[in-house]
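Under this note's numbering, the first residue of the sequence shown carries the number 2, and numbering increases by one thereafter.
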Amino acid sequence: MVKKIGILTSGGDAPGMNGAVIGAIKAGIALDKEMYVVYDGYKGLIENNFKKVNASFIEDKLSSGGTVIKTARLPEFKEESVRKVAVENLKKEGIEALIVIGGDGSYMGAKKLSEMGINCVGLPGTIDNDIASSDITIGFDTALNTVVEAVDRIRDTMTSHNRCAVIEIMGNNCPDLAIYGAIACDADEVFTIDHPLTDKEALFKKMDEKKKSGQEAYIIMVAEKLLDVEALAKEISSSTLWEARHTILGHIQRGGKPTAMERVNAIRMGAYAVELLEKGIGGVCVGFENNELRHIDIYEALELPRNKHMELYELHDLVNRK
Ligand code: ADP
Ligand code: F6P
């Protein structure tokens, strides 16, 4: 039976990661495991950056954003020779299993370590919500609330000046923050890879009609990597009756206190990961399906198609048609 379990966070940080770490540590200690944190993601495995912790480790950080055990990107971890160093260091310390909190790149590292004899369980930690094996990732709910608060503020000033805002929302190649945010903020438009801007003339015509009918602000939300929001705002200013401004929300979306639901989800996932390792299960990742925890093989998880949430675009189109 596994005795020593390590925990690391890897890839981009996300609010709620601390909750997953705390959930895992507390569950592990309750099950008489020796719990270790690994600092700086996979880099810490190579650099022997381990620390044995007790149940109160970072418990005061449940309400903090970011990851207290730090995160890093280590592209060399794709090389087997580098992973061998990690396995040797873990074995020297007697750590037989790992909980890896991160995105799909981190999952791949976890799967490969499992194949090399270190049982790993992956937890979905990313604001992007781009892990198809879970309905929701650690970080998404908090980032969505941050987006909504920021866009509400932008709406205040746009309304005062009768302006249009073109706002870029993070998500890498996954536009969930943009579409969920657009619904929550009652944005006039949302453009993403699944719902691109195809007819600029029609958009400009609609915008002018709205202006003439007395609309006071026009909010356009755009998923990152789709188009140049600054250029679009300039074009709107020169081609429509609206004066437009652009905002790139950027890394503000990655920080901040995790929401209550985020904390609950993260703690549940952390504790569940320990239960799996206790049963000798590894090479898998954890996710929510209809609010129930489940685990599946990491390779299988990485093959799952992304949920595009097209029903949300249909809803958005419906409520913004007139
Ligand atoms: P995320 O986990 O958020 O998707 P990355 O794609 O940057 O972030 O991956 C995080 C880390 O996971 C990488 O820096 C690397 O250390 C490790 N990793 C990524 N892909 C692989 C792979 N194919 N094999 C082994 N490790 C990988
Ligand atoms: O994956 C999270 C994320 O914030 C993406 O939404 C964004 O594209 C990327 O990370 C930004 O990465 P970095 O922090 O390296 O600028």
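Heads up, the beta-carbon is just placed ideally off N, CA and C, and yes, glycines get one too.
The model shown is predicted, which means the values in this text are computed figures rather than measured ones.
- prompt: When we look at the beta-carbon of Thr193 and count the other beta-carbons within 10 Å, is it buried (16 or more) or exposed?
  reply: Numbered from 1 along the sequence shown, position 192 holds the residue referred to as residue 193. By the 10 Å Cβ count, Thr193 comes out buried.
query: On the three-state DSSP scale, how would you describe Ile282?
result: Counted from its first residue, the sequence shown places residue 282 at position 281. Reduced to three states, the DSSP call for Ile282 is coil.
query: Nearest-angstrom Cα distance between Asn174 and Leu99?
result: Within the sequence shown, numbered from 1, the residue matching residue 174 stands at position 173. Within the sequence shown, numbered from 1, the residue matching residue 99 stands at position 98. When rounded, the distance between both Cα atoms is 28 Å.
Residue from Leu250, Ala234 and His252 whose Cα sits closest to the Cα of Glu244: Numbered from 1 along the sequence shown, position 243 holds the residue referred to as residue 244. For Glu244, the nearest C-alpha among the options comes from Ala234.
query: If you draw a straight line from the C-alpha of Val287 to the C-alpha of Asp157, how long is it?
result: Taking the first residue of the sequence shown as position 1, residue 287 is located at position 286. Taking the first residue of the sequence shown as position 1, residue 157 is located at position 156. Computed Cα separation, rounded: 40 Å.
field: Touching by the beta-carbon criterion (3+ pairs, under 8 Å), the stretch 223-230 and the stretch 113-121
entry: no
- prompt: Taking DSSP as the reference, what is the three-state secondary structure of Thr72?
  reply: Your numbering for residue 72 matches position 71 in the sequence shown. Three-state DSSP puts Thr72 in coil, outside helix and strand.
- prompt: Where Asp33 and Ile249 are concerned, what is the direct C-alpha to C-alpha distance, given to the nearest angstrom?
  reply: Locating residue 33 in the sequence shown gives position 32, where the first residue counts as 1. Locating residue 249 in the sequence shown gives position 248, where the first residue counts as 1. Distance between the alpha carbons of Asp33 and Ile249: 47 Å.
Straight-line Cα distance separating Val3 from Ala25: The residue given as residue 25 occupies position 24 in the sequence shown. The residue given as residue 3 occupies position 2 in the sequence shown. Approximately 14 Å between the Cα atoms of the pair.
- request: Could you say which of Arg307, Gly17, Lys323 and Phe58 lies nearest to Ile132 if we only look at CA atoms?
  value: Position 131 of the sequence shown, counted from the first residue, corresponds to residue 132. It is Arg307 whose Cα lies nearest to the Cα of Ile132.
query: How many Å lie between Val39 and Gly251 at the Cα?
result: For the purposes of this step, residue 39 is identified with residue 38 of the sequence shown, where counting begins at 1. For the purposes of this step, residue 251 is identified with residue 250 of the sequence shown, where counting begins at 1. Cα-Cα distance, rounded: 28 Å.
field: Rounded straight-line distance, which links the Cα of Lys206 to that of Thr147
entry: Along the sequence shown, one-based indexing puts residue 147 at 146. Along the sequence shown, one-based indexing puts residue 206 at 205. Each residue's Cα considered, the two are about 31 Å apart.
- request: Give every residue whose Cβ lies closer than 6 Å to any heavy atom of ligand 2, listed in chain order.
  value: Gly13, Thr127, Ile128, Asp129, Met171, Gly172, Asn173, Glu225 and Arg255
message: On the CB-based measure, 16 or more other CB atoms within 10 Å of its CB, does Pro76 come out buried or exposed?
response: Taking the sequence shown and counting its residues from 1, the one referred to as residue 76 is at position 75. Pro76 should be labelled exposed.
message: Taking 9 Å as the threshold (C-beta atoms), are Arg255 and Gly140 in contact?
response: On the sequence shown, residue 140 is found 139 positions in, with the first residue counted as 1. On the sequence shown, residue 255 is found 254 positions in, with the first residue counted as 1. Contact: yes.
query: At what residues does the beta strand (DSSP E) containing Arg295 begin and finish?
result: Here residue 295 refers to the residue found at position 294 of the sequence shown. Glu293 to Asp298 is the span of the beta strand (DSSP E), which, as asked, contains Arg295.
The stretch 9-29 in contact with the stretch 262-275 per 3-pair CB rule at 8 Å: yes
field: Cys121 in three-state terms, based on DSSP
entry: In the sequence shown, the residue the question calls residue 121 occupies position 120. If DSSP states are grouped into helix, strand and coil, Cys121 belongs with the strands.
- request: Would you tell me roughly how many angstroms separate the C-alpha atoms of Leu91 and Pro259, rounded to the nearest one?
  value: Against the sequence shown, residue 91 aligns to sequence position 90. Against the sequence shown, residue 259 aligns to sequence position 258. So the alpha carbons of these two residues sit roughly 31 Å apart.
field: Inter-residue spacing [alpha-carbon to alpha-carbon] between Gly1 and Ser214
entry: The structure shown does not extend to residue 1, since the chain is modelled only from 2 to 323, so the question has no answer here.
message: For a test of the three-state rule: what should DSSP assign to Lys92, helix, strand or coil?
response: Reading the sequence shown from its first residue, position 91 is the one you call residue 92. In the structure shown, Lys92 sits in a helix (DSSP, three-state: H, G or I).
- prompt: Going straight from the alpha carbon of Ala15 to that of Ile137, what length do you get?
  reply: Within the sequence shown, numbered from 1, the residue matching residue 15 stands at position 14. Within the sequence shown, numbered from 1, the residue matching residue 137 stands at position 136. If you take the alpha carbons of Ala15 and Ile137, they lie about 13 Å apart.
- request: Would you mind sorting Met311 into buried or exposed? The rule is 16 or more other CB atoms within 10 Å of its CB.
  value: The sequence position of residue 311 within the sequence shown is 310, counting from 1. Answer is exposed; the Cβ neighbour count stays below 16.
- prompt: Just to check, is the beta-carbon of Asp105 closer than 8 Å to a non-hydrogen atom of ligand 1?
  reply: As a first step, residue 105 is located in the sequence shown; it is residue number 104 there, counting from the start. At least one heavy atom of ligand 1 is nearer than 8 Å to the Cβ of Asp105, so yes.
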